[in-house]
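Here is the structure we will look at, set down as structure tokens.
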Amino acid sequence: MKYQYDFSVAGISFRWITGMPLELEERYRAFLLEEPRTPEILYEVLTGRPSRDRRGERELYAGEFCRITEDGQYRYRTFPYSKVHKEREVTLVRRRECADQYRLYLPKEVQEDFKRAKNWSFYMAFEEMFYTRGRILLHAAYVETEEGAVLFSGPSGIGKSTQAQLWEQYGGGVTMNGDRAVLYEKEGRIFAAGSPYAGSSGVYRNYQSSVRAIVILSQGERNQIQKLKESRCLLPLMRESTFAYMDEKMKKKQAELLFSAAEKIPVYTFQCRKDASAVEDLRRRFRQDGV
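What the sequence shown shows, in my numbering, is residues 4 to 294, in sequence order.
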């Protein structure tokens with residue numbers, strides 16, 4: 004028996020086909036399609052291991068959580084289930100020049116664990132799905148305001164969720180995602196979309212809107228706001244972009260989108276307090292800049 008799950012994230016539709024029912028968490032159910040349509044991307048979950056000759060593979064990336072190799076036809080993303088159980092490796096396979104059909108191979112030993120996994124997207128190369136379609140997964144809390152989306156970006160623990168909560172309390176905002184927003188360009192405008200990644204915030208909504216501003220956070224005893232020149236935006240935005248591996252084409256796409264974002268929307272650095280004054284001072288600066 005086959006089970007089908009249809010999703011849409013940031014305007015990208017994709018389908019999972021499995022031989023077992025999955026216990027979907029709320030963060031995935033929020034992105035389920037009520038009426039399935041022909042997907043842009045197909046993931047098929049299979050039992051066993053792919054047929055491959057590792058001796059003929061070239062290594063593209065080796066990290067703590069996965070290893071990416073390719074041969075003349077296919078690209079393999081191998082996830083070590085544990086360092087001591089290599090026979091339990093999970094492998095995602097696609098054709099080298101085709102990023103719209105994937106096969107995920109699961110050894111029998113891990114199937115029961117996979118059914119209850121909290122992060123299936125870890126095995127689905129989500130960041131590759133986004134980058135190959137002109138989207139970037141940005142480490143940012145996404146807050147919708149009357150004038151558009153404000154993205155609070157920065158490393159874990161810097162206060163993204165805190166600023167989002169302050170905007171809900173004092174700025175009339177609504178948090179659409181608490182940790183990872185998808186950034187993309189459409190018809191000459193920059194948009195943000197929610198994603199299933201929400202960090203500790205637990206906030207993930209299937210929503211999209213045009214971006215008002217990106218705010219790169221740091222903590223301080225008083226509020227200090229600086230608008231960055233376009234030439235200075237790329238590095239901090241790239242630092243907060245999420246990816247496991249990018250080839251040269253993907254790097255170029257990322258840089259082009261971030262340059263375009265810097266041209267079309269303001270990017271600020273904001274050393275801020277964790278109180279209502281942070282909201283008032285940032286709103287005041289937005290008004291001054293006509294944002």
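C-beta atoms are modelled at their ideal positions from N, C-alpha and C, and glycine is treated no differently. Treat the numbers as computed from the prediction; the structure is a model and nothing was measured.
Does residue i come out as helix, strand or coil in the three-state DSSP assignment?
i    : result
M253 : helix
R57  : helix
K232 : coil
V206 : coil
Q76  : coil
K189 : strand
R287 : helix
S244 : strand
R52  : coil
S198 : coil
F129 : helix
F379 : It is not possible to answer for residue 379, since the shown part of the chain is limited to 4 through 294.
D9   : strand
R32  : helix
R225 : coil
L95  : strand
L238 : helix
E67  : coil
E62  : strand
E112 : helix
Using a Cβ-Cβ cut-off of 7 Å (strictly less than) and excluding sequence neighbours within five positions of residue i, which residues of its own chain qualify?
i    : result
K111 : T50
F34  : F10, S11, V12, P199, N209
A281 : Q166, L169, N226, C275
V294 : R215, A216, P269
R30  : P199, A201, Y207
E28  : K121
G162 : L220, Q222, K277
Who are the Cβ neighbours of residue i in its own chain at under 6 Å, not counting the five residues just before and after it?
i    : result
Q104 : L45
S204 : S164, G181, D182
G59  : D74
M4   : none
T81  : R70, E92, T94
P24  : Y6
M253 : Y134
Round the Cβ separation of residue i and residue j to the nearest angstrom and send it over; I've been treating them as touching at under 8 Å.
i    : j    : result
V153 : N180 : Not quite, the Cβ-Cβ distance comes to about 12 Å (not below 8 Å), so this is no contact.
G197 : Y210 : 5 Å
P53  : T94  : 6 Å
I193 : I268 : 5 Å
E47  : R106 : 5 Å
V146 : V177 : 7 Å
G157 : E243 : 7 Å
S212 : A201 : Actually they are not in contact, since the Cβ atoms of S212 and A201 sit about 17 Å apart, beyond 8 Å.
Y6   : R18  : Their Cβ separation, rounded to whole angstroms, is 11 Å, which puts Y6 and R18 out of contact at 8 Å.
A184 : A167 : Actually they do not touch by this definition, with Cβ atoms about 11 Å apart.
In chain order, what residues of the same chain have a beta carbon less than 8 Å from the beta carbon of residue i, not counting five sequence neighbours either side?
i    : result
E149 : G175
I15  : E43, I44, M132, F133, R136, R138
R98  : Q76, Y77, R78, Q104
S263 : E188, I193
A279 : L169, Q172, Y173
L36  : D9, F10, S11, S16
D56  : D74
N102 : Position check: residue 102 holds Ala in this sequence, whereas Asn was assumed. For A102, where only same-chain residues beyond five positions count, the Cβ hits under 8 Å are I44, E131, M132, T135.
F125 : F68, F82
D292 : K230, P269
D284 : N226, I228, C275
Beta-carbon of residue i versus every beta-carbon of chain C: anything under 7 Å?
i    : result
E188 : You won't find chain C in this structure, because it holds only one protein chain.
Exercise for review: Kindly confirm or deny that the segment 214 to 229 and the segment 39 to 59 touch, where touching means at least three C-beta pairs closer than 8 Å.
Suggested key: no
Check your understanding: Taking three-plus beta-carbon pairs below 8 Å as touching, is the segment 222 to 237 in contact with the segment 270 to 289?
Key -> Below 8 Å, enough C-beta pairs join the segment 222 to 237 and the segment 270 to 289 to call them touching: three or more.
Review point. Counting pairs of Cβ atoms below 8 Å between the segment 122 to 133 and the segment 229 to 238, do you hit three or more?
Key: no
Check your understanding: What runs of the beta strand (DSSP E), each 3 residues or longer, lie entirely inside the segment 131 to 170?
Key -> 138 to 148, 151 to 156
Review point. Going along the chain, which unbroken runs of the beta strand (DSSP E) with 3 or more residues stay wholly within the segment 257 to 281?
Key: 270 to 275
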